[in-house]
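Note sheet for the following structure.
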Amino acid sequence: MTVSPFSVVLDEAAEAIEGAAASLGYKTGSVRGAMGASKGFGDISCSAAFRISKSAGERPADIAAKIASRIGKCSLIEEAAAEGGYINMSVKRADFASLVLRSISEAAYGTGLSGIGNGKKVIIEYPSANPMHPIHVGHLRNLLLGDAVSNLHRLCGYDVEVEDYIDDLGLQMVIAVWGYMRHKEKPEGKFDHWLGMVYADANRMAPGEGFRDELSALAKRIENNGTEESRLARSIAERCVRAQYETAANYGSYHDVLIWESDILGGKLLGRAMDMLLERGVARRETEGKYNGCTIIDFNSIKDLPSEFGGLKESVKVLVRNDGTPTYVAKDIAFHMWKFGMLDDPFRYSKFIERQGNGKPLYSTSASGERMGFGNVYEAINIIDVKQSYPQSLLRLVFRQLGRGDIGNGIRHLAYGRVELEEGSLAARKGISEENTADGLLEEARERAYGLIGERLKLGEEEKGRVSEAVALSAIKFAFLKMSPEKWITFSWKWALSFEGDSGPYCQYMYARATRLLEDAPMPPKQDKVCKVYSDGEFGLVKEIAGIWEAVEKSCSELRPSVMAEYAGRLAYAFSSFYESTPILKDTSDDERNCRLALVGGFARAMKMALESLGIEALERM
RNA sequence: GGGCAUGUGGCGUAACUUGGAUAGCGCAUCGGGCUUCGGACCCGAUGGUUGCGGGUUCAAAUCCCGUCAUGCCCGCCA
114 MTVSPFSVVL DEAAEAIEGA AASLGYKTGS VRGAMGASKG FGDISCSAAF
164 RISKSAGERP ADIAAKIASR IGKCSLIEEA AAEGGYINMS VKRADFASLV
214 LRSISEAAYG TGLSGIGNGK KVIIEYPSAN PMHPIHVGHL RNLLLGDAVS
264 NLHRLCGYDV EVEDYIDDLG LQMVIAVWGY MRHKEKPEGK FDHWLGMVYA
314 DANRMAPGEG FRDELSALAK RIENNGTEES RLARSIAERC VRAQYETAAN
364 YGSYHDVLIW ESDILGGKLL GRAMDMLLER GVARRETEGK YNGCTIIDFN
414 SIKDLPSEFG GLKESVKVLV RNDGTPTYVA KDIAFHMWKF GMLDDPFRYS
464 KFIERQGNGK PLYSTSASGE RMGFGNVYEA INIIDVKQSY PQSLLRLVFR
514 QLGRGDIGNG IRHLAYGRVE LEEGSLAARK GISEENTADG LLEEARERAY
564 GLIGERLKLG EEEKGRVSEA VALSAIKFAF LKMSPEKWIT FSWKWALSFE
614 GDSGPYCQYM YARATRLLED APMPPKQDKV CKVYSDGEFG LVKEIAGIWE
664 AVEKSCSELR PSVMAEYAGR LAYAFSSFYE STPILKDTSD DERNCRLALV
714 GGFARAMKMA LESLGIEALE RM
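Position one of the first sequence corresponds to residue 114 (our numbering), numbered consecutively onward.
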């Protein structure tokens, strides 16, 4: 774990300004909030003089000038100057560079950049794709966001558990099983793709009047534990999930545990959760009227009802229907009680995949198996489509009513916008779930990346394939992740497969250039070798490297991987400018070469961390 | 009816939570740069009343009020 060098400087600068202001008789309070990186006026800047001007009755420019002239000796601040009411400061370049390069070389890949997580356990749920079709580009956004959020939490020192909720019950599953049973031919090809077609066909037929009774009879048998149909449904779903996880593995995405909805229903979890709600008066059992026989939450009985529940069509939410079956929200409440350890763990777990690409097994809830230590977390992050915002706030409301506002606040929803298809495009005609699959996208991207490598590198076929896959993944992942999560995406090939400019491959390319320089260096560079003088180009790169702490912490705490993608792009750009303008190996003295190589080394470490937090591989050759 | 999200040059977007100096970037367009450490590159130019109208402030893309447009959600579906 390391500390942001930039915040060290800002702390020092704020203290110096507060001290100088106090010695002049100004009342400032904390000035830290008025500090920031400066754009073009020195390195850091402070706007406190504007605020002081109110109480002091002097012009901001005069105050700033007086304060700037009073700034004492600082370890990292070179000098201060006033300009237009701002106090601008320049940093001691060599000392700051030394601090930055030392910090980045001490930060551990994957887990040890920031300490804000402090070992707290967090469970992250995604992508929860229905187990009856392949992962398409909409789910892919979810998957990539979830991976990035997980990586960022690890990088901030959280204890991360990655979980996937499999909805193997409900109408879609019934239709899929119905289609499967009617289908005469054997499955062929990748199972999720095959089942997706069968499901789509069935879905077109199922609404027909003639099948209603048949479907509802099938639904009963599927939900009834122990029937042949329930076993068939589970085995179809499991086969589909395995195929989806092949896709996920190709995208470098791995989970810790699968939770099956049928296991939530099959165990005692749900009953105990409902009992707790009834005992504490959060829910009640209706014995008359419209909701006779149901367990409900009555919004009219809740004080200080949040605004989103104000003008509801119905002021009642049903948790358990009069036939005894629970609604989705009831299951989710029970499940979140499990996540936070409010109820004993009723699940048994077995290995679903013995060993994933990350070396760890994937566990799954199952009828038989072992007890494990999943859940019991401090925070639960749910990566779900913005459409589910209402049930998610309902969830938080229920925990507040239970007197567990801490859990309510600990449930965090990353509500990302939908992925649409370009109107009139080939993609749109084929339909989002049938043809625009994550598998197809990767295949297309791989071919394009392969073509781009061409004669550029003398690599063996196998190596060329590996590199083109990594480049393809980086193009796709960067495109999805650089977008603010709440924005809608209109998917197109052009959009998803950018290899130039502000893109994943551009970042990878800069990393590859940097590692080549380090390889070609006559002597291994010393990590913290510092230049005597830093040019603007060199120091610009130092400052961008220093920005990784703020980027990671912000990206993590706000659940916005886009912050990190933007940072990676900026960092790559800073390196590129530096690289174009500054000789490193050629035409340099030993001192210049060594200190510039140290800078290149620092860049490479920061770039690799940034890319890996986005799930992108840092390539040494491409 | 209520709630949420989005609206920034031709297109795609960043900055909005925490107000701060010249609204940053990519694509496209135009003009430059390879006998030079990897051209998936760099430098420059063109292009903006930040949907609209008010308000607060020394200062508003950012905060507040109103308004328009688009999309989503408010079920004994999940």
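Glycine is no exception: its CB is placed at the ideal position from the N, C-alpha and C atoms.
Over the uninterrupted alpha helix (DSSP H) stretch that includes residue i, give me the two end residues.
i	result
residue 97	Outside the displayed range of the chain (114 to 735) lies residue 97, so it cannot be described from this structure.
residue 607	606-609
residue 291	284-295
residue 415	First-last for residue 415: undefined, no H or E at that position.
residue 307	304-318
residue 655	649-659
residue 528	No alpha helix (DSSP H) contains residue 528, which is instead part of the beta strand (DSSP E) from 524-529.
residue 387	382-392
residue 213	206-219
residue 353	341-363
residue 553	551-566
residue 378	374-379
residue 335	325-336
If residue i and residue j are in contact, beta carbons under 8 Å, what's the gap, nearest whole angstrom?
i	j	result
residue 674	residue 253	The pair is not a contact, with the Cβ atoms about 14 Å apart (cut-off 8 Å).
residue 161	residue 184	At roughly 12 Å, the Cβ-Cβ gap does not stay under 8 Å, so residue 161 and residue 184 are not in contact.
residue 304	residue 352	5 Å
residue 331	residue 291	6 Å
residue 115	residue 216	5 Å
residue 677	residue 371	So it is not a contact: roughly 27 Å between Cβ atoms.
residue 711	residue 214	6 Å
residue 312	residue 246	6 Å
Going by DSSP in three states, residue i sits in which element: helix, strand or coil?
i	result
residue 544	Because residue 544 sits at a pLDDT of 46, beneath the cut-off of 50, its placement in the model cannot be relied upon, and the following sentence gives the value as read from the coordinates. Of the three classes helix, strand and coil, the one that applies to residue 544 here is coil, per DSSP.
residue 439	strand
residue 643	coil
residue 615	coil
residue 401	coil
residue 225	strand
residue 463	strand
residue 271	coil
residue 369	coil
residue 121	helix
residue 249	strand
residue 242	coil
residue 187	coil
residue 589	helix
residue 430	strand
residue 196	strand
residue 671	coil
residue 470	coil
residue 597	coil
residue 539	Only weak support is given to the placement of residue 539: the predicted model assigns it a pLDDT of 45, under 50, and the question is left unresolved by the model.
residue 262	helix
residue 233	coil
residue 298	coil
residue 689	helix
residue 633	helix
residue 736	Not covered by the structure: residue 736. The range shown for the chain is 114 to 735.
residue 180	helix
residue 450	helix
Could you tell me the boundaries of the beta strand (DSSP E) in which residue i lies?
i	result
residue 734	Element bounds for residue 734: n/a, residue is neither H nor E.
residue 533	532-534
> Can we say the region 231-241 touches the region 179-197, given the rule of at least three CB pairs closer than 8 Å?
Replying inline: Taking 8 Å as the limit for Cβ pairs, the verdict is that the region 179-197 does not touch the region 231-241.
_Any beta strand (DSSP E) of 3 or more consecutive residues that is wholly inside the region 137-166_ = Entirely contained in the region 137-166, the beta strand (DSSP E) runs reaching 3 residues are, in chain order, 148-150, 157-159.
*Does the region 434-444 touch the region 503-522, meaning 3 or more C-beta pairs lie closer than 8 Å?*
Verdict: yes, contact present.
Mind the definition here: the region 222-231 touches the region 650-658 only if three or more C-beta pairs lie below 8 Å; say whether that holds. Between the region 222-231 and the region 650-658, the count of Cβ pairs shorter than 8 Å is below three; the stretches do not touch.
_I'd like the ranges of any alpha helix (DSSP H) spanning at least 4 consecutive residues and lying wholly in the region 475-519._
If we require 4 residues or more, the alpha helix (DSSP H) runs fully inside the region 475-519 come out as 502-514.
*asked:* I want to know whether the region 454-468 touches the region 203-213 - three or more CB-CB distances under 8 Å.
replied: The region 454-468 vs the region 203-213: no contact.
(message) Pairs of beta-carbons, one from the region 554-565 and one from the region 575-590, closer than 8 Å: are there three or more?
(response) Here the region 554-565 lies against the region 575-590, with 3 or more beta-carbon pairs under 8 Å apart.
So, does the region 383-393 touch the region 412-419, judging by three or more C-beta pairs under 8 Å? With the cut-off at 8 Å, the region 383-393 and the region 412-419 do not touch.
Would you call the region 682-691 in contact with the region 613-630, where contact means no fewer than 3 C-beta pairs closer than 8 Å? Yes, the region 682-691 is in contact with the region 613-630.
Between the region 520-535 and the region 489-506, do at least 3 Cβ pairs fall closer than 8 Å? A contact between stretches requires three or more CB pairs, one per stretch, nearer than 8 Å, and the region 520-535 meets this requirement with the region 489-506.
**Asked** Touching or not, the region 344-351 and the region 279-288, by the rule of three or more beta carbon pairs under 8 Å?
**Response** Yes: at least three Cβ pairs fall under 8 Å.
Review point. Is it true that the region 407-417 meets the region 390-398, where meeting means three or more beta-carbon pairs spaced less than 8 Å apart?
Key: The region 407-417 is in contact with the region 390-398.
Requested in this report: Kindly confirm or deny that the region 597-617 and the region 710-721 touch, where touching means at least three C-beta pairs closer than 8 Å.
Outcome: Verdict: no, contact absent.
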